[in-house]
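Scroll down for the structure; my scribbles are underneath it.
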Amino acid sequence: MPPRPAPTVPLVLIHGVSDTHRSWDPVVDELGDATVIRYDLRGHGEAPKRPLVSGIDDFVDDLLALLDTKAVATAHVVGFSLGGLIAQRLAIREGARVATLTVIGSVAGRTETEATAARERLHAIETLGPVGVAEQSIRRWFTPDYLTAHPDAADRVIARMAALDPVAYAAAYRVLATTDLADDLHLITAPTLAITGELDVGSPPHMSELIAERTGGQVVIVPGVKHNILQEQAPRIAKEILTHVNRDQL
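Under the working numbering, the letters of the sequence shown match residues -5 to 244, in that order.
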């Protein structure tokens, strides 16, 4: 099969809470010649020091400033987890800046039970700190088969979370736990693709199905995967992204 053509406008990849732009490494390795923009969210990795986030629009403002600095008028926007919420909000606020939208393991339309669980996890993060919830995170994110095949994965997660600023992490997670844009999804005009893992408990399939339904977009449910979809299914994720953005350019 011939390689898929690279998109003619850049791909912007937005990582999830507690991670950095490096979480996209396995996917970027599969994206060929596509122009990719990655960055660290406020309070994460090597992001410039700024006040704590108080809402989703703080993250969106940071992204818009980055795009303006790089003179990028329009981009294919791809967000994972918290990054998916940021991408949704960008597409709602600044639709002209978004050529296509891809959200992966993203949240929309939480049930009351799911909203309660998110608030409980936020409370655990606020009281126990990043390392205190690391073991729980590992069980939520990785399949047993992946952990068996990658015995150092758990240690890497614990080390990464130990390096987090606990206050900034809690602030970012508060945005994730308390933001739901389901009622505004109909305002998104960009061609939309929603992807999630079949076994993802925080961003289960019904959320991606709702995103696709309300945006007139498409949904892909990847079987046998939890939240750690960028690492466990990198070739599949890259394929779905490139197919989606190139479909828009046909």
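The C-beta atom is built at its ideal place from N, Cα and C for all residues, glycine as well.
- Judged by their CB atoms, T68 and P185 are not nearer to each other than the 8 Å cut-off.
- Residue range 50 to 63 is occupied by the alpha helix (DSSP H) that includes F53.
- Of the residues G10, K220, D13, P160, the one whose Cα lies closest to the Cα of Y140 is K220.
- Distance from the CA of D174 to the CA of A143, rounded to the nearest whole angstrom, comes to 35 Å.
- According to the DSSP assignment, Q212 belongs to the beta strand (DSSP E) that extends over 212 to 216.
- A direct Cα-to-Cα measurement between I189 and I215 gives close to 6 Å.
- Contact check for I235 and I86: beta-carbon distance about 21 Å, past the 8 Å limit, so the pair fails to qualify.
- Counting of Cβ neighbours within 10 angstroms places Q82 among the buried residues, the total reaching 16 or more.
- According to the DSSP secondary-structure assignment, L95 is paired through a beta bridge with V71, T186.
- R32 has L7 as its beta-bridge partners, per DSSP.
- With contacts defined by Cβ atoms closer than 8 Å, S75 and S197 form a contacting pair.
- For A162 and L116, the gap between their C-alpha atoms comes out near 13 Å.
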